[in-house]
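What follows is a short report on a single structure.
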């Protein structure tokens, strides 16, 4: 990943990003959690289900990188999904140290429901933002995510 260069401090522009980002993150997760509860999914399971490709098996380390968590965290989260019948683990025939994850039919259905919840929430939020502002806002949020994820990956 290419390093993102820092911009100089801008005059007359508030530099406090942390408070609104923390508030946004917390509020977003709480709102999504309430919506997910309606379909029997708890916070964190949604992102894990989304990271598992319904058409091919994925490695635990690959999923962990995508979610910016440790493989052990993914493994613990998978225990819960497996108990619910939403996924199963498979060993790599060529390398028995590697474990892959596959969605079950029920897991693919729940993943689809999660994406519907996300889509409905996205539609609701974007209706509140002028069309002209959406691309710049999305670009800025993804840029911040890349910066934070990069810092996080160096600390792990």
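Residue numbers (full-length UniProt numbering): 1 to 156.
Every residue, glycine too, gets a C-beta built ideally from N, C-alpha and C.
{"Query": "Reference residue 55; option with closest CA among 102, 142 and 121", "Result": "102"}
{"Query": "Beta-carbon proximity list for residue 78, same chain, < 8 Å, skipping 5 on both sides", "Result": "48, 60, 87, 89 and 101"}
{"Query": "Beta-bridge pairing of residue 99 - partner residues as DSSP gives them", "Result": "91"}
{"Query": "Own chain partners of residue 104 with C-beta closer than 8 Å, once the 5 adjacent residues on each side are dropped", "Result": "85, 86, 87 and 88"}
{"Query": "Residue 148 vs residue 41 beta-carbon contact at 7 Å", "Result": "no"}
{"Query": "Touching by the beta-carbon criterion (3+ pairs, under 8 Å), the segment 130-149 and the segment 106-120", "Result": "no"}
{"Query": "Residue from 20, 83, 81 and 57 with nearest C-alpha to residue 99", "Result": "57"}
{"Query": "Sub-7 Å separation of residue 36 and residue 117 beta-carbons", "Result": "yes"}
{"Query": "Expected contact under 8 Å - CB spacing of residue 70 and residue 156 to nearest Å", "Result": "7 Å"}
{"Query": "Residue 27 vs residue 43 beta-carbon contact at 7 Å", "Result": "no"}
{"Query": "4 or more residues per run - each alpha helix (DSSP H) lying fully within the UniProt domain \"HTH marR-type\" (14-146)", "Result": "18-37, 45-51, 60-67, 71-83 and 105-127"}
{"Query": "Residue of 38, 119 and 53 minimising C-alpha distance to residue 107", "Result": "53"}
{"Query": "Cutoff 7 Å: residue 118 Cβ touching any chain C Cβ", "Result": "The chain inventory of the structure shown lacks chain C, comprising one protein chain alone."}
{"Query": "Rounded C-alpha distance that separates residue 80 from residue 62", "Result": "19 Å"}
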